[in-house]
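Using our numbering, the letters of the sequence shown correspond one by one to residues 21 to 519. Using N, Cα and C, we set each Cβ at its ideal position, and we do this for glycine too. Okay, so here's the structure we're looking at.
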Amino acid sequence: MKRFLIFFGVFAVFSPLFAVETVWITDPKTGKQAEVAKDRILVKYKDNISQTRKLALRGSSSFGTIKAIPDLNIDVLRVDSSSLVSSLIHFQSQSEVEFAEPDYVLQFYASRPNDTYASLQYGNDKISLYDAWDKLSGARTVKVADIDDGFDYNHEDFGGGFRCSTCTFYDGYDFGDNDSDPIGSAPVSAHGTQVCGIIAAISNNNQGVAGVSHGLVQILGVKVSDDATGTLLNSNVALGINYAVSQGVQVINLSLGSAFPSSSEKAAIDRALAANITVVAAAGNSGNSVPVSYPAAFPGVIAVGASDSNDAVTSFSQSGPEIALVAPGKATYTTYPGNTYQDPDGTSFASPYTAGVAALILSIRPSLTPSQVKSILTNSADDLYGAGFDTLSGYGRLNASRALSTLPRGEPPEDISVPTPNPFVVGVGGRVTFRVPAQLGGTAVASKVFSSGGHLIRTLSGNEWDGKNDEGNTVASGVYFYELETTAGKSRNKVFLVR
Ligand SMILES: [Ca+2]
Ligand SMILES: [Ca+2]
Ligand SMILES: [Ca+2]
């Protein structure tokens with residue numbers, strides 16, 4: 021697209037005759053308002069019409085030929101803009117003409133969305149976000165938990181509201197104040213509102229900014245600091261992560277951290293990873309010479325540093341062998357409480373860029389594991405600071421478009437049995453259902469559940485499992501394979517069980 025714009029710009033300067041002027045007309049085919057070239061129409065003749073006859077069909081009007089599309093037997097004819105519609109009618113009424121139509125204006129779908137401040141979101145351009153949006157066919161909604169200081173879910177660019185089917189924030193909780201409302205009191209909720217704008221501000225709604233998600237992410241707003249002091253306690257973070265696991269999210273974003281590796285926080289993160297949840301965290305803002313903070317530095321977490329509009333790693337970004345990649349984190353334009361917008365700095369904003377792209381990956385391939393998602397993100401990043409991994413930029417700067425171009429081939433979802441819910445959090449009387457795939461059909465007659473090591477641990481007479489083995493004991497957290505047998509055949513898949 022860039023090449024096209026440069027090419028077009030040269031002609032606009034040196035050859036103004038090439039400039040196409042457009043006009044809006046009522047489209048004769050659809051009746052809708054259409055933007056078309058104001059000085060030309062396309063005419064397709066029926067077969068075997070001679071050139072002499074084609075000229076005769078123009079009648080008394082002086083139509084010039086701008087160009088021909090010979091293989092299609094179409095002429096592009098110049099018309100006076102005031103007679104555009106009447107010229108179309110003239111040709112359409114001729115029996116030797118197959119059709120006549122205006123020269124419609126098309127759009128590059130990768131072009132910048134219409135959000136007011138999209139032009140200020142250099143980060144979206146840097147990571148080729150709009151190209152990525154063209155690769156989302158068949159995508160499904162992804163649930164992302166943000167663990168943060170509160171969320172102005174009433175902001176105009178989140179659709180305004182909470183716990184509704186169209187709300188960006190579909191649910192949440194406040195562990196800082198132990199209540200069910202995670203809105204916080206501005207400016208306490210500023211950070212979470214900024215982070216979530218990068219992930220999921222509504223795009224192409226003619227206002228505000230464009231989030232990475234392109235409408236595919238629903239946010240679980242998990243508030244972990246308290247309203248009175250804004251203090252962020254490790255115990256609340258662990259509670260928040262556990263809650264996110266229980267709600268079946270696919271991605272957790274942690275734009276927070278400290279220099280201290282809390283064991284309780286690590287235990288919560290390990291449990292999330294075991295439940296097949298991708299965990300993304302900010303590297304920290306204390307400078308390049310400071311090691312990556314926790315939880316970003318825990319194994320299995322995708323640690324993200326911050327880059328700027330020139331693809332330089334920012335001076336505040338922490339570094340080390342745990343850095344997976346960097347993403348825009350300097351002057352990142354995003355939502356701010358009270359229907360306003362700001363451009364904060366921080367690895368806190370690089371992390372949601374990455375979490376948002378992880379969610380786009382999972383919107384197409386929902387069963388990828390956290391380590392697969394991490395590999396896709398690092399393998400597709402734009403390498404910085406010399407070839408290969410370096411402790412400042414990791415594997416390079418996030419590239420959303422390339423990430424979506426390099427997904428492993430997936431099985432068609434209708435061919436396989438899908439477990440619901442997945443992850444399956446074992447509760448009192450909780451059950452997971454192995455759904456009969458539409459293409460297989462039949463009625464479920466039996467299921468077998470296997471450990472990840474391949475040992476048969478449970479034989480069932482239907483397609484519901486309570487998470488117990490044949491001895492009646494609830495099994496350990498982890499991945500389990502199952503084989504579902506119906507009257508028509510068999511289907512296999514895996515389920516992630518969390519105790
Ligand atoms: Ca509250
Ligand atoms: Ca918007
Ligand atoms: Ca490098």
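Measuring alpha carbon to alpha carbon, tell me which residue in the options is nearest residue i.
i	options	result
Val-438	Ala-351, Thr-334, Val-324 and Thr-453	Thr-453
Leu-351	Lys-87, Ser-139, Ser-80 and Thr-85	The residue you asked about is not Leu; residue 351 is Ala in the sequence shown. Minimum Cα distance to Ala-351 is reached at Ser-139.
Val-312	Pro-341, Thr-334, Asn-330 and Gly-320	Pro-341
Pro-157	Gly-212, Glu-121 and His-234	Reading off the sequence, residue 157 comes out as Ser, not Pro. Of the listed residues, the one whose Cα sits closest to Ser-157 is His-234.
Gly-217	Ser-368, Asn-93, Ile-45 and Val-456	Ser-368
Ser-284	Ala-370, Ala-423, Gln-141 and Asn-254	Asn-254
Val-393	Leu-418, Gly-461 and Ala-407	Leu-418
Ile-147	Arg-512, Ala-326 and Asn-442	Ala-326
Gln-112	Asn-93, Asp-154 and Tyr-65	Tyr-65
Val-448	Asn-144, Thr-494, Ile-272 and Val-377	Thr-494
Glu-176	Thr-136, Gln-71 and Gly-204	Thr-136
Gln-270	Ala-292, Asp-199, Arg-60 and Asn-93	Ala-292
Based on the DSSP output, what are the partners of residue i in its beta bridges?
i	result
Lys-64	Ile-94 and Phe-119
Phe-444	Leu-517
Trp-44	Glu-55
Gly-325	Val-346
Pro-439	Phe-454
Lys-545	This structure leaves residue 545 out entirely; the chain is present only between 21 and 519.
Pro-311	Ser-339
Asp-199	Asp-194
Asp-151	According to DSSP, which records beta bridges pairwise, Asp-151 is partnered with nothing at all.
I need the straight-line Cα distance from residue i to residue j, nearest angstrom please.
i	j	result
Arg-385	Leu-427	8 Å
Asn-483	Leu-504	7 Å
Ser-335	Tyr-500	44 Å
Ala-420	Ser-185	27 Å
Ser-425	Asp-151	10 Å
Asn-330	Asn-305	19 Å
Val-33	Tyr-124	Caution is warranted here: a pLDDT of 29 is assigned to Val-33, below 50, making its placement in the model unreliable, and the coordinate value is therefore given only provisionally. For Val-33 and Tyr-124, the distance between alpha carbons rounds to 24 Å.
Tyr-361	Phe-516	39 Å
Asp-91	Asn-296	54 Å
Lys-74	Arg-132	42 Å
Ala-380	Ala-159	According to the sequence provided, residue 380 is Leu. The question's Ala does not apply to it. Their Cα atoms are separated by approximately 8 Å.
Ser-481	Thr-506	11 Å
Ser-102	Gln-141	41 Å
Asp-486	Arg-455	15 Å
Ser-467	Gly-474	15 Å
Gly-231	Ala-210	16 Å
Pro-433	Asn-68	With a pLDDT of only 48 at Pro-433, under 50, the local geometry of the prediction cannot be trusted, and the value read off the model is given with reservation. When rounded, the distance between both Cα atoms is 49 Å.
Val-445	Lys-163	16 Å
Ser-387	Thr-374	18 Å
Pro-441	Ala-464	18 Å
Phe-24	Glu-41	In this prediction, Phe-24 has a pLDDT of 30, which is less than 50 and means its spatial position is unreliable; nothing more can be read from the coordinates.
Asn-308	Thr-354	25 Å
Lys-510	Ile-289	35 Å
Asn-273	Gly-376	9 Å
Arg-60	Asp-154	30 Å
Ser-190	Gly-250	Residue 190 is actually Tyr in this sequence, not Ser. Looking at the two C-alpha atoms, the distance is approximately 24 Å.
Lys-488	Asn-134	52 Å
Glu-116	Ser-70	10 Å
Ala-458	Tyr-502	17 Å
Asp-490	Arg-451	15 Å
Thr-161	Ser-383	6 Å
Glu-118	Thr-50	18 Å
Glu-431	Thr-389	Since pLDDT at Glu-431 reaches only 47, below the 50 mark, its modelled position is unreliable, and no value is offered.
Pro-443	Leu-476	20 Å
Thr-85	Asn-93	13 Å
Tyr-356	Thr-479	53 Å
Gln-114	Ala-76	11 Å
Cβ of residue i within 9 Å of Cβ of residue j?
i	j	result
Asp-168	Val-105	no
Val-469	Ser-497	no
Val-237	Ile-219	yes
Ala-258	Ser-275	no
Tyr-193	Gly-241	yes
Val-324	Ala-370	yes
Ala-294	Ser-337	no
Phe-206	Asp-172	Residue identity check: residue 206 is Ala in the sequence provided, not Phe. Going by C-beta atoms, Ala-206 is nearer than 9 Å to Asp-172.
Thr-46	Ala-54	yes
Gly-143	Gly-170	no
Val-96	Leu-62	yes
Ile-203	Phe-178	no
Tyr-314	Pro-364	no
Subject >> Segment contact, 8 Å Cβ cut-off, at least three pairs: the segment 395–415 with the segment 243–252 >> reply: Output reads no: the segment 243–252 does not touch the segment 395–415.
Original post:
At a cut of 8 Å, does the segment 247–266 reach the segment 212–231 through at least three beta carbon pairs?
Top reply: In this structure the segment 247–266 does not touch the segment 212–231; the number of beta carbon pairs closer than 8 Å is below three.
Original post:
Would you say the segment 105–117 touches the segment 69–82, given that touching needs at least three Cβ pairs under 8 Å?
Top reply: Short answer: they touch.
**OP:** Report yes or no: do the segment 405–421 and the segment 335–350 share at least 3 C-beta pairs separated by less than 8 Å?
**Re:** Touching, yes, given that three or more Cβ pairs across the two stretches are closer than 8 Å.
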